[in-house]
Amino acid sequence: MATTNTDLIEILQLEIPSGANHPVGFLEILGVAHHENVNSRIYAYFLDPSNYADLAILFLDSLLELVEEKSEKTIDTESYEVITEQITPKGNRIDIVLRDSGNNRALLIENKIYHFLNNDLVDYWNCFGYSDDDQVGLLLTLYPHEIPNEVGGKFVNITHSEWIRRIQSKGLPSRLPANVYTYINDFIQTIENLTNMSTLTEQAQFYFENAKKIQLARQTYAEGVKFLNDQLGILASMMGWELYGKSDEWRNIWDKQNHLHTYYTIWSGDLLNGDRTISVIIELNSNDYKHLPGMMELHKEEDDFKQLKTDGLANSHIRHFAYKVYDVNTPDLEHLAHFLFERIERDFASVMKKILTHNYPNKDIPYLR
Numbered sequence: 000m001a002t003t004n005t006d007l008i009e010i011l012q013l014e015i016p017s018g019a020n021h022p023v024g025f026l027e028i029l030g031v032a033h034h035e036n037v038n039s040r041i042y043a044y045f046l047d048p049s050n051y052a053d054l055a056i057l058f059l060d061s062l063l064e065l066v067e068e069k070s071e072k073t074i075d076t077e078s079y080e081v082i083t084e085q086i087t088p089k090g091n092r093i094d095i096v097l098r099d100s101g102n103n104r105a106l107l108i109e110n111k112i113y114h115f116l117n118n119d120l121v122d123y124w125n126c127f128g129y130s131d132d133d134q135v136g137l138l139l140t141l142y143p144h145e146i147p148n149e150v151g152g153k154f155v156n157i158t159h160s161e162w163i164r165r166i167q168s169k170g171l172p173s174r175l176p177a178n179v180y181t182y183i184n185d186f187i188q189t190i191e192n193l194t195n196m197s198t199l200t201e202q203a204q205f206y207f208e209n210a211k212k213i214q215l216a217r218q219t220y221a222e223g224v225k226f227l228n229d230q231l232g233i234l235a236s237m238m239g240w241e242l243y244g245k246s247d248e249w250r251n252i253w254d255k256q257n258h259l260h261t262y263y264t265i266w267s268g269d270l271l272n273g274d275r276t277i278s279v280i281i282e283l284n285s286n287d288y289k290h291l292p293g294m295m296e297l298h299k300e301e302d303d304f305k306q307l308k309t310d311g312l313a314n315s316h317i318r319h320f321a322y323k324v325y326d327v328n329t330p331d332l333e334h335l336a337h338f339l340f341e342r343i344e345r346d347f348a349s350v351m352k353k354i355l356t357h358n359y360p361n362k363d364i365p366y367l368r
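Just so we're aligned, residue 0 is where the sequence shown starts under numbering that gives the first Met the number 0, counting upward by one.
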């Protein structure tokens, strides 16, 4: 046991890195953020000067700067069309092509998110029969990737984040519609999220370096949950009622033999999260929710009811009719069942009794589940 205490004390003394916040974008919501064809269409939209010329120049110039820095290869495009899924002579498909057919120039982009590179890049290169000096092939990947020997000097590897960061460093054009700014920023966030999904974050690294101690801490959490459940079971027995529910953070206590539509909910989530408070709630399910106006009228002048809060959770299924939050210190925690029983008797019992016994119009007959 001494070793366990020492390990726990040691991990409590460590400086734990905070978790990174990764906002969720539209593509994540739709579940298509990792789809290469979706990303290719978005890039193609931003690269197409017929949509927003200033934006297309920004995306293309940023890309060509990176090409020149990595390969010293340059390509000029006076005018170009943007093509997605360009079919090659062998029937393969190039993800994105910027083609200046008037000058026999092309930029060929193979877009990779998580798939392995098993594409016939030689076939891509020979698609239009343009000279080597008038073409550039781009292998666009999440992480740095080697260029296959057979297309060495023809293709250049650029990461999504390198391209996006270069765009950000230049700044977005000032005259874009507001919705386009939203689209761009959301897409940039998606690229950052995709890149970070396979990155060993500071917090993840901390876990693996301290895994045994953290697992020990998880065991102590389970002990905390078990203690709370045991105490709430004792509380239900003291009341002559029954415990219901399986959540770590809340349990219901109800009079199963007489009434199931109105019951107590004990919220211990804040206690588990370290706030040292616990909440007692009178909760109505949808069967008694319809009697809410009558209940409020019945109790509005009662002193016991006035000292309870009434701004709790409400949705189509349940309503927190009244609640109170209690501070819990260590002596209270040691005898939590008795602590809660005394406060329920003092602050809630009269209110609950009147709710359960009052004959509201069209009141349902109590039933068993």
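Even glycine gets a Cβ: it sits at the ideal position worked out from N, Cα and C.
Distance CB(residue i)-CB(residue j) smaller than 7 Å
i      : j      : result
Ile95  : Ile108 : yes
Val81  : Leu106 : no
Glu35  : Asn156 : no
Glu248 : Tyr262 : no
His316 : Ser285 : yes
Ala52  : Leu46  : no
Asn91  : Asp119 : yes
Tyr129 : Asn103 : yes
Arg318 : Tyr288 : yes
Asp310 : Thr276 : no
Lys169 : Leu63  : no
Ser39  : Thr83  : yes
Asp303 : Ser349 : yes
His258 : Leu355 : yes
Rounded separation between residue i and residue j - CA only
i      : j      : result
Trp266 : Lys225 : 15 Å
Ile381 : Tyr123 : Any answer about residue 381 is impossible in this case: the structure gives the chain only from 0 up to 368.
Asp229 : Pro292 : 36 Å
Leu141 : Thr194 : 6 Å
Gly232 : Lys308 : 25 Å
Asp269 : Ile280 : 14 Å
Leu227 : Glu341 : 17 Å
Lys323 : Ser278 : 6 Å
His159 : Tyr180 : 19 Å
Glu149 : Tyr44  : 31 Å
Leu220 : Tyr206 : According to the sequence shown, residue 220 is Tyr rather than Leu. Their Cα atoms are separated by approximately 16 Å.
Leu242 : Leu312 : 21 Å
Thr264 : Asp185 : 40 Å
Thr2   : Leu215 : Its pLDDT being 46, under 50, Thr2 is placed unreliably by the model, and nothing is read from it.
Pro176 : Gly244 : 50 Å
Asp99  : Ile213 : 58 Å
Gln306 : Glu344 : 14 Å
His337 : Phe320 : 23 Å
Gln218 : Lys211 : 11 Å
Asn50  : His144 : 31 Å
Trp240 : Asp346 : 18 Å
His260 : Leu171 : 57 Å
Arg165 : Ser246 : 47 Å
Gln256 : Asn314 : 26 Å
From the options, residue whose alpha carbon lies closest to that of residue i
i      : options                        : result
Thr329 : Lys353, Phe154, Asp274         : Asp274
Lys153 : Asp303, Val66, Ser49           : Val66
Asp254 : Gln214, Ser168, Met351, Phe320 : Met351
Asn192 : Ile163, Ile146, Gly239, Ser78  : Ile163
Gly151 : Leu171, Arg165, Val121, Pro172 : Val121
Lys69  : Ile146, Ile343, His337         : Ile146
Leu97  : Asn117, Glu300, Phe127         : Phe127
Met295 : Asp346, Lys353, Leu137         : Lys353
Val382 : Asn50, Ile112, Ser49           : What is shown of the chain runs 0 to 368, which leaves residue 382 out entirely.
Asn117 : Arg165, Asp132, Asn125, Leu138 : Leu138
Glu71  : Lys89, Ile41, Asp132, Phe115   : Asp132
Lys89  : Asn125, Arg174, Glu300         : Asn125
Ile41  : Pro48, Ile183, Arg174          : Ile183
Residue i, enclosing alpha helix (DSSP H) - first and last residue
i      : result
Asn286 : 285 to 288
Ala105 : Run containing Ala105: none in the alpha helix (DSSP H); it sits in the beta strand (DSSP E), 104 to 110.
Asn209 : Careful: Asn209 lies outside any alpha helix (DSSP H) and carries neither H nor E.
Ile41  : 35 to 46
Asp302 : 302 to 305
Tyr123 : 120 to 124
Val150 : Premise fails: Val150 is in no alpha helix (DSSP H) and is neither H nor E.
Whole-number beta carbon distance between residue j and residue i, since they are thought to touch under 8 Å
i      : j      : result
Gln167 : Ile187 : 7 Å
Leu234 : Leu332 : Their Cβ separation, rounded to whole angstroms, is 13 Å, which puts Leu234 and Leu332 out of contact at 8 Å.
Ile252 : Met238 : 7 Å
Leu369 : His357 : Residue 369 is absent from the model: the chain starts at 0 and stops at 368.
Extent of the continuous beta strand (DSSP E) to which residue i belongs
i      : result
Lys323 : 317 to 326
Asp269 : Looking at the DSSP string, Asp269 is not in any beta strand (DSSP E); the run it does join, the alpha helix (DSSP H), is 268 to 271.
Gly136 : 134 to 140
Lys131 : Per the sequence shown, the amino acid found at residue 131 is Asp instead of Lys. Element bounds for Asp131: n/a, residue is neither H nor E.
7 Å Cβ cutoff, residue i in contact with chain C
i      : result
Lys169 : Protein chain content of the structure displayed is limited to a single chain, and chain C is not contained in it.
heavy atom of the ligand HEM below 6 Å from residue i C-beta
i      : result
His260 : The ligand HEM is not among the ligands present in this structure, which contains no ligands whatsoever.
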